[in-house]
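Novice: Each protein sequence line maps, in turn, to chains A and B. Numbering-wise, my numbering puts 130 at position 129 of the first sequence, and it's gapless, one number per residue. Numbering-wise, my numbering puts 21 at position 20 of the second sequence, and it's gapless, one number per residue.
2 protein chains.
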Amino acid sequence: MMKSIDVCLSPDLMHLYDVRESTVVVVDVLRATSCMVTAFAHGTQSITPYSDLEECKAARSKGFITSGERDGKKADGFDKGNSPFEYMGEDIRDKKIAFTTTNGTEAIHRARAAKKLVVGSFLNLSAVVSELLSGESGVLVVCAGWKGRFNLEDTLFAGAVVERLKDHFEPECDAPLAAQRLYNLARHDMLQFLSNSAHVRRLARLNIHKDIAFCLTEDRYSVVPSLASGVLTA
Amino acid sequence: MMKSIDVCLSPDLMHLYDVRESTVVVVDVLRATSCMVTAFAHGTQSITPYSDLEECKAARSKGFITSGERDGKKADGFDKGNSPFEYMGEDIRDKKIAFTTTNGTEAIHRARAAKKLVVGSFLNLSAVVSELLSGESGVLVVCAGWKGRFNLEDTLFAGAVVERLKDHFEPECDAPLAAQRLYNLARHDMLQFLSNSAHVRRLARLNIHKDIAFCLTEDRYSVVPSLASGVLTA
């Protein structure tokens, strides 16, 4: 029997899915999971996702580098924000990071009951796909969205996973089919396809075109961060 | 300033939207809102949507025709089920119908705080679009989905509305953009596009191909049912 693949288009729909027997891929393309993958590719030891801003900030006293983003901007009092270019230097090598973002860390929190939880982004797409192919479980891709709402970029990532796995995994309902259709429509120029999307326009106002282009690059890294006891490691 | 248009992809995301100043279009293409539109086009006086099956059934004692569907099938003890072909005869003319379905009537219930609530389907697409164009309010299309999940056919209808209104309404976030893209991909052969969708496969097992083809027909009727005090009239 073929394994199944499903897509949860918003963390606010997580109550519809029983993930205890599934491998969950959490994705927040712009930019939380892209940052996390970049950090691990540059030698970060661990990332602990926090839902609460203050709790995350307080982790500094326990030796963590603190990363905080709210509404697309670096949050006050944090060491780092939510740009992947902040996670490429020697300063994060072998360090522990405490991470909180508007959508991505909350999505990880809601999916934490998964049999296995991995972090996906276009940057490590092929590595994630290989991991899913080698596993025994069904797959649920959880899109972080924007404050509970559907977003295009995370859906495109979900569609890319469905497309790459189509000979081995069967779509569970309509969400994976829609994601796959959208990805196949967008894949040859995702930046153009996303140019009128809400979050891309939001980020463009913050002058981070470079981040967006970077986050849409497929297969730059081969790490697959996964969660155990509330902590991500590569 | 352009009016805004948004799409709620599942009734389980209704908490994200404040509809008190909006015109809401509730759609359940397969088949609740297609049945309702068909019934009004054939002279039904009113339709009262019920969330609760037993409450709906009990309305018979107050002179209602009762219509009940659960999981795609006619529910026990009801006069009618959820096929549009049941709502074309003289037996429903000038009658009041009490209606409950798995998804459609629940979506109406959750959107009932709207400034104005109308019922849409491909069957009355142009009539709905004209109504929205003539109104002053922003628009939210609420897709009934399947038990809280995203479905393709309701999303295609939402996309059709966005496409038809694109010169007059601005998309509020990514959901209307995705719906519009999918509709433009599907519009020339919706039946084919939907052939591997979950609900179409579910209904195909119930042998209602004729219903599906009918429900995907654009502009057969010109009625626009709307809700006032919990009751739909044309």
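All residues carry an ideal CB built from backbone N, CA and C; glycine is no exception.
Does chain B have any CB closer than 8 Å to the CB of L183 (chain A)?
Specialist: So, interface residue.
Novice: Any Cβ of chain A within less than 8 Å of the Cβ of F158 (chain B)?
Specialist: Taking Cβ atoms only, chain A never reaches closer than 8 Å to F158 (chain B), which makes this a no.
Novice: So is M37 (chain A) buried or exposed if we call it buried at 16+ other beta carbons inside 10 Å?
Specialist: It is buried - the Cβ of M37 (chain A) has at least 16 other Cβ atoms within 10 Å.
Novice: Leaving out the 5 sequence neighbours to the left and right, which residues in its chain are closer than 6 Å to T234 (chain B) when beta-carbon positions are compared?
Specialist: Excluding sequence neighbours, T234 (chain B) sits near S47.
Novice: Need the endpoints of the alpha helix (DSSP H) that K58 (chain A) sits in, please.
Specialist: Start and end: 54-59.
Novice: Of all the CB atoms in chain B, is at least one closer than 8 Å to the CB of A145 (chain A)?
Specialist: False, the Cβ-Cβ gap to chain B never drops below 8 Å.
Novice: What separation, rounded to the nearest whole angstrom, lies between the Cα atoms of L14 (chain B) and K97 (chain A)?
Specialist: Rounded to the nearest angstrom, the two C-alpha atoms are 35 Å apart.
Novice: Quick one: is V126 (chain A) buried, meaning 16 or more other Cβ sit within 10 Å of its Cβ, or exposed?
Specialist: Note on identity: in this sequence residue 126 (chain A) is Leu, with Val being the wrong assignment. Label assigned to L126 (chain A): buried.
Novice: Which residue comes first and which comes last in the alpha helix (DSSP H) that contains S68 (chain A)?
Specialist: Looking at the DSSP string, S68 (chain A) is not in any alpha helix (DSSP H); the run it does join, the beta strand (DSSP E), is 66-71.
Novice: Is the stretch 205-212 of chain B close to the stretch 88-104 of chain B, with three or more CB pairs under 8 Å?
Specialist: The stretch 205-212 of chain B is not in contact with the stretch 88-104 of chain B.
Novice: With DSSP as the reference, label C174 (chain A) as helix, strand or coil.
Specialist: If DSSP states are grouped into helix, strand and coil, C174 (chain A) belongs with coil.
Novice: Is it buried or exposed for M2 (chain A), if we count other Cβ within 10 angstroms and need 16 for buried?
Specialist: By the 10 Å Cβ count, M2 (chain A) comes out exposed.
Novice: Buried or exposed: K58 (chain A), going by 16 or more other Cβ atoms within 10 Å of its Cβ?
Specialist: Per the 10 Å Cβ criterion, buried.
Novice: Could you confirm whether any beta carbon from chain B is found closer than 8 Å to the beta carbon of D175 (chain A)?
Specialist: Closer than 8 Å to some Cβ of chain B, the Cβ of D175 (chain A) qualifies, so yes.
Novice: If we ignore side chains and look at the alpha-carbon of each, how far apart do D77 (chain B) and R182 (chain B) end up?
Specialist: Rounded to the nearest angstrom, the two C-alpha atoms are 40 Å apart.
Novice: Which value, in whole angstroms, describes the spacing of the CA atoms of L228 (chain A) and R165 (chain A)?
Specialist: When rounded, the distance between both Cα atoms is 23 Å.
Novice: For a test of the three-state rule: what should DSSP assign to I6 (chain B), helix, strand or coil?
Specialist: DSSP places I6 (chain B) in strand when its eight states are reduced to three.
Novice: Would A145 (chain B) and D29 (chain B) be called neighbours here (beta carbons separated by less than 8 Å)?
Specialist: Their beta carbons are under 8 Å apart, which means A145 (chain B) touches D29 (chain B) by this criterion.
Novice: Which two residues bound the contiguous beta strand (DSSP E) that contains F100 (chain B)?
Specialist: Unbroken beta strand (DSSP E) run through F100 (chain B): 97-101.
Novice: Just by C-beta distance, which residues in the stretch 178-210 of chain B are closer than 8 Å to chain A?
Specialist: Per Cβ criterion, the list reads L178, A179, R182, L183, L186, N197, S198, A199, H200.
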